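Undergrad: Okay, here's the structure, questions in a sec.
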Amino acid sequence: MPELSWRHHALIQALLSRGPLIEDDFHAIFSGITGKDPGAHRQQFDDYLLKINKELSYVHFELRGCRNQYDGKVYYGVVNNVSDEQSKLGTKYTVPQLAFYKGIIEAIVQDVSAQGHISDIEALNIRLENQVLTGTESESQGVPPAVPAAFKNFSISQKEKTLDELVKDRWLSSTPDGKIRLGVRSFLDLRSWFHNNYVPSCDVCNEAGVKAELCRNEGCTTRIHLYCLKKKFSQKRVERVCPGCGTQWQHSSIADAAIEEEDEPNRPNQRRQPPPPAAAAAATRKRLRSCKIEDEEENNGASSSQTCVPVSSTDFRRITRKSARLR
Amino acid sequence: MASSREDLSQFDISQEEKDKLVAEVIRYVLFKTHQNSGCPIKRDELTQIITKNYRQRALPAFVIHAAREKLSTIFGYEMKELQRSRPSSANQGRASQQIGSTTGIVGQLPADVYRKYVEDVNTAHLTGFTFVIISIVYLAGGKIAEDGLWHHMRRMGLYENEENHPVLGNIKQALEALVQQRYLQKDKANGHEGNTLFYELAERALDETINNKIKEYISQIVKNDGASPDID
């Protein structure tokens, strides 16, 4: 059986030792180790990962990439696929801390507006008692299980400390204005949990739509990640309508994204243009943003078929939806 | 693969069962090492994984050996067995329970590759601290009195009462972590002033590869310094 070389080992160890790495960094490491840039040698990159995963499957690990749904960037990490006695050891967090984390995750994914966050105040008000009921032990006998003292006595300051630790370890992330979001590790680790708990998925990529755009039709449950939307509607012949109900998709979300990306610090050369009054510039920015220029011609035609006008974001932000069905 | 089938037949377990056990051992080693921040694991803990469900006498050793091989081929990690030595001042009650062996995992990658791609810069300060403390004890002959060690640490700005050092946090805890990770061990000895606490190099620092590296680095530093080291 062809064995893994030191190069494969270095990739695995880098992720294990440093935690999840953003795509650029991981690609840089790959280039450094193999001498091949994944951008130019995509097939070889994929082959390497395939080979690694064949071996990792022996211990039920997987090297996978996933998107941070807040910025659309891809991160790579080694994740554990099976929950067993050994993996239960692999945490430095105590039982109440884990219950707290679980409560936060549930609150975030249950956000009906699919903004993918809760405020820090809400986080500190999470009650651990609710976590006891979702354990498997409670399913027998119909007697409500006793709430452990540690859960009842989990103080605000303990919650604050735990929050800080979770953010530091990248299970959660926090924004400057006090919002708590899922961290990269959670996206990597909770993929199957999202599916098992019926978190609504994105219509385009089928991954959980934790932070996603919603169809403006109240009765329609379709949600699509912003980055999936951009990709989908960037194709010339695709109509900008909801794939679920046919309602015209709110253009503002695409235009907003265009303006949002304007502020991105990472790509200064392409972003010098001031926010435009007309649609043509929006199309230009979209063209510059796409990393794979699949179809050169569409970019010329895009400006004419567009009717999108940048609108203020507040008009179309969804506040409440009754249709979100979550356990 | 014929030989492994023979080996298995002597144990009367299937390939799948054996693979399952090996995977459990590997996972245990990886998760536990993460949980206790690199402290070595007692061999008993590993044998327990096997003896929990299987009675065959030689099976644990076989599985652990297979796990060691897999850790190497899949991850490039070396699982080293560290012989735990009896503390020099034999404290009879404790010593008999402590004798045994512990295992720790180290990487097999060339040092430059490790440094460039694998090393977590966020924990580099701990490695530096570990190296410095081990060097002090080494230069003191492998054993140093608690007071002596703190004397040297104070010279570097590390104080016993410091709980919020900007890099190391609680200094006492940082030192204690070295004991837990089996770089150092603590001993009491009856000195003329009563009981004194001594720090000695423990199995992880005495392991040949690491020991040689330490000697190498120290001699480099001493050579570069020019002036003779000041050991009081």
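Taken in order, these protein sequences are the chains called A and B. Take 194 as the starting number for the first sequence in the working numbering and just add one per residue. Take 19 as the starting number for the second sequence in the working numbering and just add one per residue. We put the beta carbon where it would ideally sit given N, CA and C, even for glycine. Note that the structure is a prediction, hence the values are computed from the model and not measured.
#1: Taking Cβ to Cβ, would you say Tyr269/A is nearer than 7 Å to Phe223/A?
#2: Beta-carbon of Ser210/A versus every beta-carbon of chain B: anything under 7 Å?
#3: Give the residues of chain B in contact with Trp199/A, contact being defined as C-beta atoms less than 8 Å apart.
#4: Please list the terminal residues of the continuous alpha helix (DSSP H) segment that includes Tyr135/B.
#5: Helix, strand or coil for Leu321/A? Go by DSSP, reduced to three states.
#6: May I have the straight-line CA-CA distance separating Val275/A from Leu422/A, to the nearest angstrom?
#7: Using the C-alpha atoms, what's the distance from Leu26/B back to Gly212/A?
#8: Below 8 Å on the Cβ atoms is my contact criterion, and I expect Gly296/A with Gln324/A to pass it. Report the Cβ-Cβ distance as a whole number of Å.
#9: Secondary structure at Asp62/B, three-state DSSP: helix, strand or coil?
#10: Any idea which residues DSSP pairs His310/A with across the strands?
#11: For Arg75/B, count neighbouring C-beta atoms within 10 Å of its own C-beta (all shown protein chains included) and say buried if the count is 16 or more, exposed if not.
#12: On the premise that Ile373/A lies in contact with Leu365/A, defined as a C-beta separation below 8 Å, what is that separation, rounded to the nearest angstrom?
#13: Closer than 7 Å by C-beta to Val431/A: which residues in its own chain qualify, once you throw out the five before and the five after it? Chain order, please.
#14: Measure from the alpha carbon of Cys435/A to the alpha carbon of each residue in Leu249/A, Val397/A, Leu375/A, then state which is nearest.
#15: Applying a beta-carbon distance threshold of less than 7 Å, which residues of chain A neighbour Glu42/B?
#16: Taking 7 Å as the CB-CB cut-off, is Lys352/A touching chain B?
#17: If I follow the unbroken alpha helix (DSSP H) through Arg172/B, where does it start and stop?
#18: Quick one: list the residues of chain A neighbouring Val240/B, beta-carbon separation under 9 Å, in chain order.
#19: Compare the Cα-Cα distances from Arg409/A to each of Leu282/A, Glu299/A, Thr440/A, Ala307/A and report the closest residue.
#20: With 7 Å set as the bound, which would you pick, yes or no: does the beta-carbon of Thr145/B sit closer than that to a beta-carbon of chain A?
#21: Output needed for Asp130/B: all residues of its chain with C-beta closer than 8 Å, excluding positions within five of it in sequence on either side, in chain order.
#22: Does any C-beta atom of chain B lie closer than 7 Å to the C-beta of His220/A?
#23: Three or more C-beta pairs under 8 Å: does that hold for the stretch 355-363 of chain A against the stretch 240-259 of chain A?
#24: Do you know how far the Cα of Ala207/A is from the Cα of Leu127/B?
#25: For Leu249/A, go through chain B and note every residue whose CB falls closer than 7 Å to its CB, in chain order.
#26: Is the CB of Gly265/A under 7 Å away from at least one CB in chain B?
#27: Kindly indicate if chain B contains any beta-carbon less than 7 Å away from that of Leu242/A.
#28: Between Leu291/A, Val271/A, Thr287/A, which lies nearest to Gly258/A when the distance is taken from Cα to Cα?
#29: Is the Cβ of Val340/A closer than 7 Å to any Cβ of chain B?
#30: Less than 7 Å between the beta carbons of His234/A and Gly94/B, yes or no?
#31: Who does Gly258/A pair with in a DSSP beta bridge?
#32: Taking buried to mean at least 16 other C-beta atoms within 10 Å of its own C-beta, is Arg173/B buried or exposed?
#33: Per DSSP, what kind of secondary structure is Cys421/A in: helix, strand or coil?
TA: Let me spell this out:
#1: Result no, Cβ atoms of Tyr269/A and Phe223/A do not sit closer than 7 Å.
#2: Output row for Ser210/A: interface = yes.
#3: Against chain B, the beta carbon of Trp199/A has neighbours under 8 Å at Gly94, Gln126, Leu127, Pro128, Val131, listed in chain order.
#4: From DSSP, Tyr135/B is part of no alpha helix (DSSP H); its letter is neither H nor E.
#5: Of the three classes helix, strand and coil, the one that applies to Leu321/A here is coil, per DSSP.
#6: Approximately 32 Å between the Cα atoms of the pair.
#7: When rounded, the distance between both Cα atoms is 37 Å.
#8: That belief holds up - the Cβ atoms of Gly296/A and Gln324/A are roughly 6 Å apart, short of 8 Å.
#9: Note: Asp62/B maps to helix in three-state DSSP.
#10: Partner residues in the beta bridge of His310/A, as assigned by DSSP, are Arg374/A.
#11: Classification for Arg75/B: exposed.
#12: That pair is a contact at about 6 Å.
#13: Counting only Cβ-Cβ distances below 7 Å, and skipping sequence neighbours, we find Lys425.
#14: Answer by Cα proximity: Val397/A.
#15: Neighbours of Glu42/B on chain A, chain order: Gln279.
#16: Answer no: the Cβ-Cβ gap between Lys352/A and chain B never drops below 7 Å.
#17: Arg172/B -> alpha helix (DSSP H) spans 164-173.
#18: The contacting residues do not exist; Val240/B stays about 31 Å from chain A at best.
#19: Taking Arg409/A as reference, the option from Leu282/A, Glu299/A, Thr440/A, Ala307/A with the minimal CA-CA separation is Thr440/A.
#20: So, not an interface residue.
#21: Excluding residues up to 5 positions away in sequence, nothing lies with its Cβ nearer than 8 Å to the Cβ of Asp130/B in the same chain.
#22: Contact with chain B is absent for His220/A, since none of that chain's Cβ atoms lies less than 7 Å from the residue's Cβ.
#23: No: fewer than three Cβ pairs fall under 8 Å.
#24: When rounded, the distance between both Cα atoms is 11 Å.
#25: Within 7 Å of the CB of Leu249/A, the CB atoms of chain B belong to Ile92, in sequence order along the chain.
#26: Not closer than 7 Å to any Cβ of chain B, the Cβ of Gly265/A fails to qualify, so no.
#27: Answer no: the Cβ-Cβ gap between Leu242/A and chain B never drops below 7 Å.
#28: Out of Leu291/A, Val271/A, Thr287/A, Val271/A has the C-alpha closest to the C-alpha of Gly258/A.
#29: Not closer than 7 Å to any Cβ of chain B, the Cβ of Val340/A fails to qualify, so no.
#30: Taking 7 Å as the Cβ cut-off, His234/A and Gly94/B do not qualify as a contacting pair.
#31: Bridge partners of Gly258/A: Tyr269/A.
#32: Arg173/B comes out exposed.
#33: Helix, per DSSP.
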